[in-house]
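Student: I am attaching a structure below and will ask some questions about it afterwards.
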Amino acid sequence: MLLVWKCAFKNLGVATNLNHCSLQNIDARLNVFKCCNNAFACMFCLQWEEVSIMDEKNIPIRTYQVCNVLEPNQNNWLRTDWIPRSGAQRVYVEVKFTLRDCNSLPGVTGTCKETFNLYYHESNEDRESYIKESSFIKVDTVAADESFTQVDVGDRIMKLNTEVRDVKVATRKGFYLAFQDVGACIALVSVRVFYKTCPLTIRNLATFPDTVTGADTSSLVEVRGSCVNQSEEREEPKMYCGADGEWLVPIGGCFCNPGYQEKGGTCKACAVGFYKAKSSDAGCSKCPPHSHSPRDGATVCDCNSVFFRADSDPPSMACTQPPSSPQQLISVVNETSVVLEWGPPRRLGGRSDTSYNYPRLGSGSISSSQLCLPCGSDVFFSPDQSGLKTTRVVVSELRAHTHYTFIVHARNGVSQASGAGAAQSVFVTVTTNQLPSPVSSILATDVTRHSLSLSWQQPDRPNGVILEYEVKFYEKDQKERSYRIMRTFSRRVDVTGLNPLTVYVFHVRARTAAGYGEVQVLQDIPFPLIGEGVNSAFLLLSVSGVGILLLISAAVFIISRRRSKYSKTKQDSEEEKHLNPGVKIYVDPFTYEDPEQAIHEFAKEIDVSSIHIERVIGMGNFGDVCSGRLRVQGKREIYCGHQESEAGYSDKQRRDFLSEASIMGQFDHPNIIRLEGVVTRCKPLMIITEYMENGSLDAFLRKHDGQFTVIQLVGMLRGIASGMKYLSDMSYVHRDLAARNILVNSNLVCKVSDFGLSRVLEDDPEAAYTTRIPIRWTPPEAIAYRKFTTASDVWSYGIVMWEVVSYGERPYWEMNNQDVIKAIEEGYRLPAPMDCPVVLHQLMLDCWERERAERPTFSQILNMLDKLIRNPGTLRRTGGDRHTATMLESGVGSEVCVSVLPEVCVPAWSVCEWLRSIGLERYRDTLAAAGYTSLDSLLALTHQ
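Next up, the structure:
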């Protein structure tokens, strides 16, 4: 916005209006004016002179002119009136003028000029009638872009020049402007003085007032906004007023109050039938079912008649009703315990929080006519007496031979608000009884290998008619995990089907109408009776068979561990799918005809109002990368990072931008950067991810050079390998695995990121290849034949290992790409970084095998790093032979194989030597007779 001072030209007290400006002579010598009638033809004007002329539209205008070009050493000044600063710190002076070409003036060589000077002087008051020339500060020497000649004037062609200069005026209340002529033929047509402001605006529901720009051309003026009517501050609203009068960098903002929503930069009341409960809600919502809002600006909708809302119900929840009563209450009495079961209410009232209470109405004696009395506190309910979600309860510790009445109430969140009580209950009356006492004198007779006979005496106190006896038995070692039950009407039972050489425990109890009595246990049956008649040779053979079975199991386990080595890496994604049946497979978003379908399938849409941008932390492929906070309703606020798309993107750029989110949204692993969601319904487009405090791994390592232990570095490598194993299991090939694309959080957890290179290569397959791919991280087959597989990612992982151990050093140092390609073709591989453990460098070299089938898989790499972490002693050696370094001691008489060539660690033993080493040489002939003559053949053994 431009603010212009309005004033008038003055010449010795005679005022004339001229283009909103006031100019005044500052030299007493200007009291006498001499000038020609035709201002443009005048060549001998003495000093500045006020002249009326006609512009190109034949409209009379007033000018100040001077054309004293024949006399040398001209020093003609023209000064404005005092101009109040009005709060401005930098003003702009726009001068419109015409100037005569010196070449068109004969005989003025050396005295004619084609420029004039602009000066200013600051002052607190308009009292300075005379100001010394030395008090003025020069702004600039002004030259004309176009000048006129005598012919031009004759043809009435006015060549008007416009020049603008800015002046910093921040120390006094006002200022003067002055124009110095040093020998030019010039006419001032107009002078306009103005300053700039950022105009009154509303942003994020905060009003920012008209603000004068700063004193410097690069300065930003911070302005705090104030919330509009019916709104409240969510975070202090601020913006910056730039020197060009534009508002910049909006921060924070306001929320409309409950009952109001944003419309056109203001907060409008919610209409009837709508409501808004919280300031942070996006807008007014329609009243939920069975509720209404009778007036504008409702913060909650009132429930309709016979519908209710609990105190804990959110305003968005429909109004509900209490449940109906429970159905079909059934009771089963067992002595002094009662099992109550019922069906759920037929009508739940639209809620899912139905619970049940079980008050006891009272108890009374069977033999008396006494009324029911309140129950005592000694009665026990399982699982509980109130607030139960299931439809079953066990009531115990009741008195025997007593009437009990139980009431079951169905309740939900609005039962209390509705006043519902007995209408939602059902009751039942039961009578307890007494159990029989335990049986006595249990005897075991006729004991054989597979059977025996049990007999017992009737309980001393039957407490009714004995309906049956229950016999329960199980092997003593099983401890009731597996048992059998027999029932009989007599006091004797024959038990068959027992296992020989086994000790059994027997339980016997009686049942009457009141239920089962206490259990009597028999468990000390004489052992020799159970195994009587068993052949001793059979027992010896059984024991020997168990020993041989354990021996063979141990052999199979040890040989399987010793024979572990790398299997061939499956090269193509189609082969990898068959290695992991049931594992989720990556879906290429570019296979979708509509890119919106892919992004909505794999990524969650986030409301832009939930995102608070705090600062710009970098530059991405599509625009700024920022950090901030994400606040999603119902969840705690989290820190996040996000990348914005640049303005004016095409459909293809939009698809490319969102494709990376479609890829990232398919991954869920602690070592893969997590996608929080996307913003696609407004501009700019945004990809929201978790915030990684320590940034990229390469920069982080360079910043903390030498500050980590080897175990910490291996832990970082282990996290990267775990993430890459997850990607390879999903048949996803990264193509750009490098330390710069690994992000590190505050807990030093490394996460794989940047999934965009595959899109670049697929979109532009004919481009200059070595400029599109990271040569220093790419294997030979990918450079030569564009063959990208999981094995090519393994090569890149080896380079990442080298970067980590060298603390972010550049691979291959200052070699150019062509030199790197040539060196790799000739067999050159990166040497071990300083203090690098031998086992880590060996693993790097295995990742850099020329034949991709010989490289380890990420699963094998992960297992190898886990072994190193469990055995930190293997990381102490930093030199030595490749093979000897693979056999490192981790304990007395044991080895840990850490090489990617595990066969080095397996001794070339025969079966005989192996049996001798474990003290079982006596079984050599037995195994040889059965055809097991090599360690390989032992792997075919089964337990049978």
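Quick note: the sequence shown uses the working numbering, first residue -6, plus one each step.
Every residue gets a Cβ at the ideal spot worked out from N, C-alpha and C, and that includes glycine.
Quick caveat, the model's predicted, so the values are computed rather than measured.
With burial defined as no fewer than 16 other Cβ atoms inside 10 Å of the residue's Cβ, what is the status of S224: buried or exposed?
Tutor: S224 is buried by the Cβ-count criterion.
Student: Run through DSSP, which three-state label would Q516 get?
Tutor: Reduced to three states, the DSSP call for Q516 is coil.
Student: Identify whether N117 lies in helix, strand or coil by the three-state DSSP scheme.
Tutor: It is coil, neither helix nor strand.
Student: Considering only their Cβ atoms, is the gap separating G716 from V742 smaller than 7 Å?
Tutor: No, the Cβ-Cβ distance between V742 and G716 is not below 7 Å.
Student: Which ranges would you report for the beta strand (DSSP E) in the segment 186 to 221 if only whole runs of at least 3 residues count?
Tutor: Complete beta strand (DSSP E) runs here, min 3: 194 to 196, 199 to 201 and 214 to 217.
Student: Decide if E819 is buried, meaning its Cβ has at least 16 other Cβ atoms within 10 Å, or exposed.
Tutor: Counting Cβ neighbours within 10 Å, E819 comes out exposed, since fewer than 16 surround it.
Student: What are the boundary residues of the beta strand (DSSP E) that includes F129?
Tutor: Taken as a continuous stretch (DSSP letters only), F129 belongs to no beta strand (DSSP E), as it is neither H nor E.
Student: Put R646 into one of helix, strand or coil per three-state DSSP.
Tutor: In the sequence under discussion, the amino acid at residue 646 is Gln, which differs from the Arg named in the question. DSSP places Q646 in helix when its eight states are reduced to three.
Student: If contacts are defined as beta-carbon pairs under 8 Å, then V971 and V423 qualify, I think. What distance do you get, rounded to the angstrom?
Tutor: There is simply no residue 971 to check, as the chain begins at -6 and stops at 937 in what is shown.
Student: Should L170 be labelled buried (16 or more other beta-carbon atoms within 10 Å of its own) or exposed?
Tutor: Buried, by the Cβ-count rule.
Student: Using alpha carbons as the reference points, say which of G207, N61 and G245 lies closest to L98.
Tutor: Answer by Cα proximity: N61.
Student: Per DSSP, which residues does S183 bridge with? Please list them.
Tutor: K89, per the DSSP bridge assignment.
Student: Among residues of its own chain, excluding the 5 on either side of L534, which ones have a beta-carbon nearer than 6 Å to its beta-carbon?
Tutor: Interpretation of L534 is limited by its pLDDT of 42, a score under 50 that renders its predicted location unreliable; no figure is taken from the coordinates.
Student: Tell me which residues share the same chain as D453 and place their Cβ nearer than 6 Å to its Cβ, disregarding the 5 neighbours each side in the sequence.
Tutor: These residues qualify, in order along the chain: S430.
Student: Would you decide whether Q516 is buried or exposed? Buried here means 16 or more other CB atoms lie within 10 Å of its CB.
Tutor: So Q516 ends up on the exposed side.
Student: Out of S418, N297, Q314 and A410, state which residue places its alpha-carbon closest to the alpha-carbon of N350.
Tutor: Of the candidates S418, N297, Q314 and A410, the one whose C-alpha sits nearest the C-alpha of N350 is S418.
Student: Could you tell me if R480 is buried or exposed, where buried requires 16 or more neighbouring beta carbons within 10 angstroms of its beta carbon?
Tutor: It is exposed - the Cβ of R480 has fewer than 16 other Cβ atoms within 10 Å.
Student: When the Cα of A507 is compared with those of A275, L460, V496 and S475, which residue comes out closest?
Tutor: The option with the nearest alpha carbon to A507 is L460.
Student: Buried or exposed: where does F781 fall if 16 or more other Cβ atoms within 10 Å of its Cβ makes it buried?
Tutor: Buried, by the Cβ-count rule.
Student: List in chain order: all unbroken beta strand (DSSP E) runs of 3+ residues lying wholly within the segment 290 to 360.
Tutor: The qualifying runs are 320 to 327, 330 to 336, 348 to 350 and 353 to 358.
Student: Any idea if V432 is buried or exposed, counting beta-carbon neighbours within 10 angstroms, 16 or more meaning buried?
Tutor: Counting Cβ neighbours within 10 Å, V432 comes out buried, since at least 16 surround it.
Student: Below 8 Å CB to CB, which residues in the same chain sit around A921 once its five sequence neighbours on both sides are set aside?
Tutor: Cβ neighbours of A921 beyond the five flanking positions: V904.
Student: Buried or exposed for A1015, please, with buried defined as at least 16 other CB atoms from any protein chain shown within 10 angstroms of its CB.
Tutor: The structure shown does not extend to residue 1015, since the chain is modelled only from -6 through 937, so no value can be given for it.
Student: So what's A163 in DSSP terms, helix, strand or just coil?
Tutor: A163 falls in the coil class under three-state DSSP.
Student: Can you pull the DSSP bridge partners for A503?
Tutor: Looking at the DSSP assignment, A503 forms a beta bridge with Y462.
Student: Closest to K577 by C-alpha separation, out of Y684, Y719, L623 and D439, would be which residue?
Tutor: When each option's Cα is compared against that of K577, the closest is Y719.
Student: Three-state secondary structure (DSSP) at I124?
Tutor: In this structure, I124 counts as coil in the three-state DSSP scheme.
Student: Please determine, among S127, E126, N154 and S128, the residue with the shortest C-alpha to C-alpha distance to E139.
Tutor: Measuring from the Cα of E139, the nearest candidate turns out to be N154.
Student: Does the beta-carbon of V59 have 16 or more other beta-carbons within 10 angstroms, so that it is buried, or is it exposed?
Tutor: Its Cβ being crowded by 16 or more others within 10 Å, V59 is buried.
Student: Once DSSP output is grouped into helix, strand and coil, what is the label at I665?
Tutor: Note: I665 maps to strand in three-state DSSP.
Student: With respect to the alpha helix (DSSP H) encompassing M827, which residues constitute its N-terminal and C-terminal limits?
Tutor: No alpha helix (DSSP H) holds M827; DSSP gives it neither H nor E.
Student: Using a Cβ distance threshold of 8 Å, determine whether the segment 496 to 512 contacts the segment 439 to 455, with at least three qualifying pairs required.
Tutor: Contact holds: three or more Cβ-Cβ distances are below 8 Å.
Student: Could you compute how far the alpha carbon of S448 sits from the alpha carbon of V421?
Tutor: Distance between the alpha carbons of S448 and V421: 41 Å.
Student: Excluding sequence positions up to five away, which residues of its chain have a Cβ less than 6 Å from the Cβ of V331?
Tutor: Counting only Cβ-Cβ distances below 6 Å, and skipping sequence neighbours, we find S324, V388 and V423.
Student: Residues in the same chain with beta-carbon distance under 7 Å from D289, minus the five sequence neighbours each way, listed in chain order, please.
Tutor: Contacts found: A262, C263, A264 and V265.
Student: How many angstroms separate the CA atom of S930 from the CA atom of A923?
Tutor: Looking at the two C-alpha atoms, the distance is approximately 11 Å.
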